[in-house]
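Chains as they are written, first to last, in the numbering used here: chain A, 75 to 202; chain B, 75 to 202. Taking it in order: structure first as structure tokens, then the write-up.
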DNA sequence: AGCGTTTTGACAATCATTCTCATTCTGCTG
DNA sequence: CAGCAGAATGAGAATGATTGTCAAAACGCT
């Protein structure tokens, strides 16, 4: 079950690329960036690497309004994102309040194994 | 600019189909259902109708983990969803707590025009 | 009924993502 | 160090949802 992870040049290339941006990036963009910087990495590999990273919880994934998956290297632990819809600046936020609320609501309706997604969008100060 | 909306048979067919399920349904499924029940509606039309309904705020849209768009006719007003990941049963939930929290967090970081998405997934009592 | 516009529908075109599979690495092992 | 089995890669095909195209059909109005 434990997928044997074998470190490779292209995997670290993908991780470095991810680390160099602070904003959410799509697999396609990431692939383009890598090509430009001279790294030869196949598109399929970018996808594969990103999904294993995501599965392992090493990166955060969310979907744009158009359904495209975007990835971001984040601090560990459970948290949410406050994203500027103009410049894309992202702030990580955390709050026991929400966690408690979702758990309570779920319990109240007899749901277990609860998980949730929460993203906040707005216009940041500098873009206003 | 104000798109003149002209009522048609197929549009009401789509709306009826949406109204007959209480769970989130994809455009593809909706189209299949319509075909089965004898309604002749083109796939493109289903998509078009759904997006205008969504734009108008008459239906709620969210994305499955795989990025597929799913639609649901909902009560009006701002609310969130508690979805059973096994049977798909959906419960609408509402909570000033979260609304206040997101607004506060956003304000704290200088963000304005705040919007947010929040969905809760879990396993409901009967599926446990 | 007649007309200008909007909608429809069959199908082609996009686009992101996944699959296929032969080839290339990697980490051992002897 | 050479050899091996299994994992990873990459090029391109395949998939699947969604959108665009455009001629034909449906609407609302006169």
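Using N, Cα and C, we set each Cβ at its ideal position, and we do this for glycine too.
* To do: Specify the secondary structure class of residue 105 (chain B) as computed by DSSP and reduced to three states.
  => Position 31 of the second chain, counted from the first residue, corresponds to residue 105 (chain B). Residue 105 (chain B): helix per DSSP, three-state reduction.
* Can you tell me where the beta strand (DSSP E) with residue 137 (chain B) in it begins and where it stops? -> Position 63 of the second chain, counted from the first residue, corresponds to residue 137 (chain B). Here the beta strand (DSSP E) through residue 137 (chain B) covers 133-137.
* Asked: Does the distance from the CB of residue 135 (chain B) to the CB of residue 128 (chain B) come in under 7 Å?
  -> For the purposes of this step, residue 135 (chain B) is identified with residue 61 of the second chain, where counting begins at 1. For the purposes of this step, residue 128 (chain B) is identified with residue 54 of the second chain, where counting begins at 1. Contact: yes.
* Below 8 Å on the Cβ atoms is my guess for residue 197 (chain A) versus residue 175 (chain B); work out the distance and round it to an integer in Å. => Here residue 197 (chain A) is taken as the residue at index 123 of the first chain, counted from 1. Here residue 175 (chain B) is taken as the residue at index 101 of the second chain, counted from 1. Between residue 175 (chain B) and residue 197 (chain A) the Cβ distance is about 19 Å, and since that is not below 8 Å, they are no contact.
* Name, please, each residue of chain B whose Cβ falls closer than 9 Å to the Cβ of residue 198 (chain A). => Position 124 of the first chain, counted from the first residue, corresponds to residue 198 (chain A). By Cβ distance, chain B contributes 183, 184, 185 and 186.
* **Residues near residue 76 (chain B) by beta carbon distance below 6 Å, same chain, minus five either side** => As a first step, residue 76 (chain B) is located in the second chain; it is residue number 2 there, counting from the start. The predicted position of residue 76 (chain B) is uncertain, since its pLDDT is 46 and thus under 50; a value taken from the coordinates is nonetheless stated next. Counting only Cβ-Cβ distances below 6 Å, and skipping sequence neighbours, we find nothing.
* Asked: Nearest-angstrom Cα distance between residue 190 (chain A) and residue 154 (chain A)?
  -> The residue you call residue 190 (chain A) lines up with position 116 of the first chain. The residue you call residue 154 (chain A) lines up with position 80 of the first chain. If I take the Cα positions, the gap works out to 10 Å.
* Name the chain A residues that come within less than 7 Å of residue 161 (chain B), Cβ to Cβ? -> Start at 1 with the first residue of the second chain, and residue 161 (chain B) comes out as number 87. Those do not exist, as residue 161 (chain B) stays about 11 Å from chain A at its closest Cβ, beyond 7 Å.
* Thinking C-beta only, is residue 165 (chain B) closer than 7 Å to residue 147 (chain B)? -> The count along the second chain starts at 1 and reaches residue 147 (chain B) at position 73. The count along the second chain starts at 1 and reaches residue 165 (chain B) at position 91. Taking 7 Å as the Cβ cut-off, residue 147 (chain B) and residue 165 (chain B) do not qualify as a contacting pair.
* Asked: When the Cα atoms are used, what is the spatial distance from residue 101 (chain A) to residue 145 (chain A)?
  -> Stepping through the first chain from its first residue, residue 101 (chain A) is reached at position 27. Stepping through the first chain from its first residue, residue 145 (chain A) is reached at position 71. If you take the alpha carbons of residue 101 (chain A) and residue 145 (chain A), they lie about 7 Å apart.
* Straight-line Cα distance separating residue 200 (chain A) from residue 184 (chain A) -> Position 110 of the first chain, counted from the first residue, corresponds to residue 184 (chain A). Position 126 of the first chain, counted from the first residue, corresponds to residue 200 (chain A). Distance between the alpha carbons of residue 184 (chain A) and residue 200 (chain A): 44 Å.
* Quick one: is residue 91 (chain A) buried, meaning 16 or more other Cβ sit within 10 Å of its Cβ, or exposed? -> Residue numbering aside, residue 91 (chain A) sits at position 17 when the first chain is read from its first letter. When all chains shown are included, residue 91 (chain A) counts as buried.
* Asked: residue 191 (chain B) versus chain A: which residues are under 9 Å apart at the beta carbon?
  -> Position 117 of the second chain, counting from 1, holds the residue named residue 191 (chain B). Per Cβ cutoff of 9 Å: 191, 192, 193, 194 and 195.
* Asked: Less than 7 Å separating the beta-carbons of residue 203 (chain B) and residue 141 (chain A)?
  -> Look at the range of chain B in this structure, 75 to 202, and you will see that residue 203 (chain B) is not part of it.
* Extent of the continuous beta strand (DSSP E) run through residue 186 (chain B) -> On the second chain, residue 186 (chain B) is found 112 positions in, with the first residue counted as 1. Residues 186-197.
* Would the C-beta of residue 130 (chain B) count as close to the ligand FMN, meaning under 6 Å from any of its heavy atoms? -> As for the ligand FMN, it is missing from this structure, which has no ligand bound.
* Asked: Quick one: does residue 171 (chain A) have its CB under 7 Å from some CB of chain B?
  -> Position 97 of the first chain, counted from the first residue, corresponds to residue 171 (chain A). Yes, its Cβ sits closer than 7 Å to a Cβ of chain B.
* Asked: Using a Cβ-Cβ distance under 7 Å, would residue 91 (chain B) count as near chain A?
  -> In the second chain, counting from the first residue as 1, residue 91 (chain B) sits at position 17. By this cut-off, residue 91 (chain B) is not an interface position.
* Asked: If residue 156 (chain A) and residue 179 (chain B) are in contact, beta carbons under 8 Å, what's the gap, nearest whole angstrom?
  -> Translated into the one-based positions of the first chain, residue 156 (chain A) becomes position 82. Translated into the one-based positions of the second chain, residue 179 (chain B) becomes position 105. With a Cβ gap of about 6 Å, residue 156 (chain A) and residue 179 (chain B) count as contacting.
* To do: Establish whether the CB of residue 141 (chain A) and some CB of chain B are separated by less than 7 Å.
  => In the first chain, counting from the first residue as 1, residue 141 (chain A) sits at position 67. It does; some Cβ of chain B falls within 7 Å.
* What is the DSSP secondary structure of residue 88 (chain A), reduced to helix, strand or coil? -> On the first chain, position 14 is the one that residue 88 (chain A) refers to. Assigned with DSSP and collapsed to three states, residue 88 (chain A) falls in helix.
* **Beta-carbon spacing of residue 186 (chain A), residue 202 (chain B) below 7 Å** => Position 112 of the first chain holds residue 186 (chain A). Position 128 of the second chain holds residue 202 (chain B). For residue 186 (chain A) and residue 202 (chain B), yes; Cβs fall inside 7 Å.
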